[in-house]
């Protein structure tokens, strides 16, 4: 319901019951604030958002109220610039600054600090107190964040996000009055995989990005570029910050349907791999050669070659390789089983009848069933979204019990506990167990059986499993039911079971299926069998093998890799990272990382999105190198030309051209902020590195401060909001374009998959028959899933070691003891044995990528290492 209120003399319509602060911000009226956040709400801690509120025309006196805590009511008048309110806000700033260290010159937040913005806004200049400042001891919080408690203004944003929003337990508030302290009980690494968000949420410099601190540049000295996180299938939107050809920092870029205001730590710190483990020069036979010599050698190897694409490479690069070798000789850089499963996911999503779920849909689900997926390990941002579904149920319970809505910490209602709409069915204890009702343990085969039992219960058939019956009841009664599955178990049973459930729920259901990597869905739409098929093709007709940004040693079982390498007459690798494959290759060609070239990827929901080059004049884009090898496109071709060719050749990818504006936007979009160094005049060309800015042929972005910015910029090209008088990250999340919904210009991306009204016929998985060995259960980690994760120094410092888990009884039967070195299929593994009674009998848990390649499946033989 909407009501009419008056803000600064202007009558506007507003949502009844919503707080005045967010209403004012949405109307473009700036109200100073600290503790309020668009996704966290407010606790009324800072007292900075004071305004004068009049109840109606008859009220001529009004009263000073905190706008973040005051609900909108019909007939209200609000005066933000009221003299008494302005004085109140000025006093708040003054008392906050009494103990602040005033260390702007050495603080990383200097020039991009919300406290600075608010201090300037209130006109505070002079310190009237000569008393000693309060001081605190800082903590070591691990490799990702710095801690400087003396800068704290007690807004409580950190603990509200960390504990209430992200579900962390090891950060809290201690003390009282003027000795309040935000940190851990003892020094130590922050355990949550979302801890990096504290650097953006904090309005001062208490928590900061430690990687940025080590290669620091002021915010106004860095160029900003919109990009897509390359580390999982979620496809979160990020901003890359560059200075002098070095990637300095990654921050969240708001997308209403996907990441919203927050990233996982893999997405925040992982992209920095672009500055590490770089292949800089071509190698032929292990020796460095000139680029033209390497290209000439590659040209001679094209006839009869096969090509292996990659789910971490862009659509454009994969398409160029497919065109180079021909569609019949192009293969996906994953196992055959994974390639088939991702194609099946696309078919299930398109068939419907369920709606394809976005992250926002996951957040707003009122009943959810997760079948087998360790979301915190495979798609962390989705796990964070699922927590909000549980949080929403808790808030609904609070309203029902009369608990004030601002008490947002899971709403402790006596005797009720936490109300959760989530049923979680996984083989092992999961990071989301605390929000699940219930958290069920099932083997991978039993996970699929549970899903089919839920579908049967929805059809009205008798079901013996009481938990399946209760889950079906909850989904049937929900207005927006959600089913989540993926390939985290390494098999398709969970996906088929999810399809069966949504087929019974119908069009009101939402379905989220998570493949493994950022462009897994795009590679599936491009076509091509997996690595086993590639080995067969080369064995039938031996020839050279071109591999694009894929370490096949991590993506297929050792036997398949051995066949592939033996059948290939030469191995040519195009990559940005040093891998086991580049060490074994005959020819290595360096190509751009995701941060050095524009490219399009397709996320889990079938949304095509485009990122752009965050580093100027880096290594060449992979599609350009492939074009130079095979003459695929004109010498001066741009990304727009490649997209046009792909649209013509691949109908399933035709909509990808609309992922972002292509070509040059009139006036271009400025990557550099307005205060950026002005040494770009043409008279300095050749005299200073900054004299002649580089030219970006593949986007409408400028490498200078010259260009359009703000509201005129298409959302997909946005390098950040422009809010007059605001310079902090906080400005991005209260600008009137955002506030909890889609961008006013439209969320970036183009839907390549659209759900229909029909459905697919789910295929029940074949029961696992008895055989030799133990069934592999993939173990996922939020910090070390792929080779790109492990190439990031910050993620590597945060990641745990590889794991090999066995049930104690299975270990005893094999004669293995805890800590033993183990051979898997006769080969040593990097992990030492850990005994875990939570492991299902007859299964062995191995870390994906660290202790076992992702393409491994079926049963594995284990024995003690000699």
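In the numbering used here, the protein residues as written are 13 to 878. Heads up, the beta-carbon is just placed ideally off N, CA and C, and yes, glycines get one too. The structure displayed is predicted, hence computed values, not measured ones.
Nearest by alpha-carbon distance to residue i: which of the options is it?
{"i": "residue 207", "options": "297, 169, 759, 229", "result": "169"}
{"i": "residue 97", "options": "80, 65, 16, 571", "result": "65"}
{"i": "residue 837", "options": "571, 475, 799", "result": "571"}
{"i": "residue 9", "options": "771, 113, 576", "result": "The first residue shown for the chain is 13 and the last is 878, placing residue 9 beyond what the model contains."}
{"i": "residue 321", "options": "534, 36, 630", "result": "534"}
{"i": "residue 339", "options": "485, 833, 530, 318", "result": "318"}
{"i": "residue 22", "options": "31, 287, 41, 160", "result": "41"}
{"i": "residue 620", "options": "670, 150, 856", "result": "670"}
{"i": "residue 113", "options": "88, 123, 124, 146", "result": "146"}
{"i": "residue 199", "options": "739, 153, 193", "result": "153"}
Could you tell me whether the Cβ atoms of residue i and residue j are closer together than 8 Å?
{"i": "residue 90", "j": "residue 18", "result": "yes"}
{"i": "residue 883", "j": "residue 55", "result": "A query on residue 883 cannot be resolved here, the shown segment of the chain reaching from 13 to 878 and no further."}
{"i": "residue 602", "j": "residue 292", "result": "yes"}
{"i": "residue 734", "j": "residue 722", "result": "yes"}
{"i": "residue 655", "j": "residue 637", "result": "no"}
{"i": "residue 53", "j": "residue 754", "result": "no"}
{"i": "residue 238", "j": "residue 729", "result": "yes"}
{"i": "residue 432", "j": "residue 449", "result": "yes"}
{"i": "residue 608", "j": "residue 306", "result": "no"}
{"i": "residue 359", "j": "residue 351", "result": "no"}
{"i": "residue 769", "j": "residue 365", "result": "yes"}
Compute the Euclidean distance between the alpha carbons of residue i and residue j, then round it to the nearest angstrom.
{"i": "residue 708", "j": "residue 245", "result": "27 Å"}
{"i": "residue 613", "j": "residue 333", "result": "16 Å"}
{"i": "residue 430", "j": "residue 234", "result": "Note on residue 430: pLDDT 45, under 50, position unreliable in the model; the coordinate value appears next. Roughly 44 Å separates the two Cα atoms."}
{"i": "residue 257", "j": "residue 236", "result": "12 Å"}
{"i": "residue 625", "j": "residue 712", "result": "11 Å"}
{"i": "residue 264", "j": "residue 276", "result": "9 Å"}
{"i": "residue 59", "j": "residue 78", "result": "6 Å"}
{"i": "residue 25", "j": "residue 31", "result": "13 Å"}
{"i": "residue 70", "j": "residue 85", "result": "15 Å"}
{"i": "residue 766", "j": "residue 108", "result": "52 Å"}
{"i": "residue 472", "j": "residue 484", "result": "10 Å"}
{"i": "residue 799", "j": "residue 82", "result": "50 Å"}
{"i": "residue 2", "j": "residue 288", "result": "Nothing in the structure corresponds to residue 2, since the chain is present only between 13 and 878."}
{"i": "residue 801", "j": "residue 593", "result": "17 Å"}
{"i": "residue 132", "j": "residue 213", "result": "20 Å"}
{"i": "residue 831", "j": "residue 812", "result": "16 Å"}
{"i": "residue 189", "j": "residue 356", "result": "58 Å"}
{"i": "residue 861", "j": "residue 397", "result": "26 Å"}
{"i": "residue 127", "j": "residue 216", "result": "6 Å"}
{"i": "residue 161", "j": "residue 732", "result": "28 Å"}
Can you list, in chain order, the residues of its chain whose CB lies under 7 Å from that of residue i, leaving out five sequence neighbours each side?
{"i": "residue 806", "result": "155, 156, 223, 281, 284"}
{"i": "residue 460", "result": "505, 506, 508, 509, 777"}
{"i": "residue 386", "result": "438, 442, 500, 792"}
{"i": "residue 260", "result": "224, 227, 229, 234, 253, 254"}
{"i": "residue 134", "result": "44, 101, 102, 105"}
{"i": "residue 686", "result": "717"}
{"i": "residue 400", "result": "375"}
Which residues mark the beginning and the end of the alpha helix (DSSP H) in which residue i is found?
{"i": "residue 513", "result": "505-517"}
{"i": "residue 388", "result": "387-390"}
{"i": "residue 16", "result": "That residue, residue 16, is in no alpha helix (DSSP H); its beta strand (DSSP E) goes 14-19."}
{"i": "residue 790", "result": "Segment 786-791 is the beta strand (DSSP E) holding residue 790; no alpha helix (DSSP H) there."}
{"i": "residue 130", "result": "126-134"}
{"i": "residue 642", "result": "634-642"}
{"i": "residue 840", "result": "First-last for residue 840: 839-847, but that is the beta strand (DSSP E), not the alpha helix (DSSP H)."}
{"i": "residue 310", "result": "303-311"}
{"i": "residue 350", "result": "348-363"}
Taking the continuous beta strand (DSSP E) assigned at residue i, which residues delimit it?
{"i": "residue 221", "result": "219-221"}
{"i": "residue 25", "result": "22-27"}
{"i": "residue 189", "result": "It is not in any beta strand (DSSP E) - residue 189 carries neither H nor E in the DSSP assignment."}
{"i": "residue 827", "result": "Careful: residue 827 lies outside any beta strand (DSSP E) and carries neither H nor E."}
{"i": "residue 818", "result": "816-818"}
{"i": "residue 584", "result": "580-587"}
{"i": "residue 263", "result": "258-264"}
Identify, in the order they occur along the chain, each residue of the same chain with its Cβ nearer than 6 Å to the Cβ of residue i, setting aside the five sequence neighbours on each side.
{"i": "residue 835", "result": "875, 877"}
{"i": "residue 490", "result": "378, 379"}
{"i": "residue 645", "result": "639, 653"}
Which same chain residues end up closer than 8 Å to residue i when comparing Cβ atoms and leaving out the 5 residues on each side of it in sequence?
{"i": "residue 582", "result": "313, 556, 557, 598, 599"}
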